[in-house]
Structures are given as structure tokens and as C-alpha cells.
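This note's numbering numbers the first residue of the sequence shown as 309 and each following residue consecutively.
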Amino acid sequence: MLLAREFVTYLSRQLVTKLSPGILETSAPDAVAEKIDETISAELAVEDRLNDEVRDLLSQYSEYMRREGVSYQEMFRRIKNTLITQRKVIRASGRDTGDAMKLSRDKVTDISHKLVDTLRKMRELRLKVKDSNTVRLEIVRILTELLTAEEKVDRAARQKIRSQKREIAEGTEEWDLLHKRYYSEELKKLGIHLAKQ
């Protein structure tokens, strides 16, 4: 997933906290946060499933690609772009679309629409603001604020890995472990303790 599982849980809790009491009232904030978490996770999983499908397709053509000298990355990008267009999937990765955050602006907007629908259907809360667009815009603002902070944390963690005495290749187990550790340390500096979530 593009965002750490723990960070999605944190995002969900923060949305409930920041939307209360001005936009919504609830006596079950944990239940509301859990439903928001499910909605965001489901949206992020769409592109993960698409990536898995592309990998499966490419594994069937590995011999052809080797014979023709076609790069795996280039084929992956082409097939993924084709499937995204055919299925009208909104790209989750902000880096693919030139956005500064991990999630693209379009994906944040899409998630905000889905969250408003989710909140409207929930019995555990009462929306104090009747205008859906006002609620949606506030969700976008909160998500953007949190994702901007997360992006700074991710950049700082990546910089710490790059500053090691020897080069550590991204994607390796060592890189992943270091990134997770540094990422967690940087979040703690902002007062975000993922382990508590």
C-alpha cells in the first residue's frame, strides 16, 4: 500500500478528531474511525491489486521481453497505464502525477467523496453540516495537511538512509527495515506514535 497501514489508521482517527464537534457528532468515535479506515484502505488497495495483476501479466511474457530486449519497468508502466485508462482507475501515487504528496490530488478528492458517502450512511454519527461539499472540502483540507506532514517524514527517513556510509538499495530487506525505523522516529518527532494506534 502507498501509505503505511498504521498511518492510515492514524489518518482515520485524526479525521474523526478534527471533524468533531464542528462537522460531526458521535458517541462512538472508534467505530467511525474504523469505518473511515476501511474506506481509505479499500481505495488504496485498488491500485495495489492492479499492480499485482500487471506483475502476473508480465511474468507470462518474461521470455518475450528478454528476447526482444524490452525493459520490465517500461512494460510495467505501459500495461499499467493501459489498464488504468480502460478501468477508469484514479492514480493513487502522487509521484506519478507530479503532486508533492504520496497520494495524488485526484485520489485525495476521490477518497473525500467516498468518505462523505460513508459518513452519510453511518448511524453512529450525526453530520451537523448538511452541505456535502462543505464536509468534503474539510476532509480534503485535513487529509492534505496530514499527508503533507507525512511526506516530510518520508523524505527525512529516506535522507537518513542515503546518509549511511554505504549505499543501501531501495527495495531490499535492509532498506525496508531502516525506512520503517527512521519513518517511525520522524513521526514521533511530530508527536505521532504509530504503535499506540
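Where is the CB? At the ideal position from N, CA and C, for every residue including glycine.
{"Check": "Alpha-carbon to alpha-carbon, K438 and K488", "Outcome": "40 angstroms"}
{"Check": "Nearest residue (CA-CA) to S412, options L433, V448, T426, E475", "Outcome": "V448"}
{"Check": "Through-space distance from A336 to L471, alpha-carbon basis", "Outcome": "Correcting the residue identity first, residue 471 is Ser in this sequence and not Leu. Rounded to whole angstroms, S471 to A336 spans 45 angstroms at the Cα level."}
{"Check": "Cβ contact check for the region 458-467 and the region 424-436: 3 or more pairs under 8 angstroms", "Outcome": "no"}
{"Check": "Alpha carbon of Y372 to alpha carbon of K429, nearest angstrom", "Outcome": "50 angstroms"}
{"Check": "Reduced DSSP secondary structure (H/G/I, E/B, other) of E458", "Outcome": "helix"}
{"Check": "CB contact flag (L451, L319, <8 angstroms)", "Outcome": "yes"}
{"Check": "Burial state of T480, where buried means 16 or more other Cβ atoms lie within 10 Å", "Outcome": "exposed"}
{"Check": "Per-residue burial, L268 [other beta carbons within 10 Å of its own, 16 or more giving buried]", "Outcome": "The chain is shown only over 309 to 505; residue 268 falls outside these bounds and no answer can be derived."}
{"Check": "Beta-carbon proximity of R399 to K415, cut-off 8 angstroms", "Outcome": "yes"}
{"Check": "Backbone secondary structure at R434 - three-state DSSP", "Outcome": "strand"}
{"Check": "Per-residue burial, T334 [other beta carbons within 10 Å of its own, 16 or more giving buried]", "Outcome": "buried"}
{"Check": "Exposure label - A350; buried when at least 16 CB within 10 Å", "Outcome": "exposed"}
{"Check": "Range of the contiguous alpha helix (DSSP H) that encloses L498", "Outcome": "From DSSP, L498 is part of no alpha helix (DSSP H); its letter is neither H nor E."}
{"Check": "Closest by C-alpha distance to L358, when choosing among L310, E432, D425, R431", "Outcome": "L310"}
{"Check": "Spatial distance of T511 from S401 (CA atoms)", "Outcome": "Nothing in the structure corresponds to residue 511, since the chain is present only between 309 and 505."}
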